[in-house]
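Participant:
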Amino acid sequence: MNWKPLCSIGCAYSGHNEAEVITMTTAKTLVKCSVSNCHYWGEQNLCRADEILIEIDKHSGNAFKEEYAEEMTERGHHDYAGNSSATCCLTFKPND
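Under full-length UniProt numbering, the sequence shown has 33 at position 33, and the numbering climbs by one with no breaks.
1) Taking only the alpha-carbon atoms, compute the straight-line gap between Ala81 and Lys32 and give it to the nearest angstrom.
2) Note down the Cα distance separating Cys38 from Ala27, rounded to an integer number of angstroms.
3) Could you say which of Tyr40, Thr29, Leu46 lies nearest to Leu90 if we only look at CA atoms?
4) Roughly how many angstroms separate the alpha carbons of Pro94 and Thr29, rounded to a whole number?
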């Protein structure tokens, strides 16, 4: 099997379909967000921003359990933030 370099961080691809290589290199990480009044918020709590900047906020010291964090991003949970300083995400932009 011949491995071809796919990216600069050591990824490899052994397939023969060039379209698959392109798809793999342009794949976007899915980010879940429950702040429904953000300009980038989308259906199923998916962030639609091209780039995301995240920084700590006043809640950074809280020790949330993984199960709780998972519940926060489920479809039915929506929060409201007045500005980016109220979120962990500096990409936040309120809807007009």
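Ideal placement from N, C-alpha and C gives every residue a C-beta, glycine not left out.
Facilitator: According to the structure data:
1) Stepping through the sequence shown from its first residue, residue 81 is reached at position 81. Stepping through the sequence shown from its first residue, residue 32 is reached at position 32. Whole-angstrom Cα-Cα distance: 16 Å.
2) Position 38 of the sequence shown, counted from the start, is the residue given in the question as residue 38. Position 27 of the sequence shown, counted from the start, is the residue given in the question as residue 27. So the alpha carbons of these two residues sit roughly 23 Å apart.
3) Position 90 of the sequence shown, counted from the start, is the residue given in the question as residue 90. The shortest C-alpha separation from Leu90 is found at Tyr40.
4) In the sequence shown, residue 94 corresponds to position 94, counting from 1. In the sequence shown, residue 29 corresponds to position 29, counting from 1. Using only the alpha carbons, I get a separation of about 22 Å.
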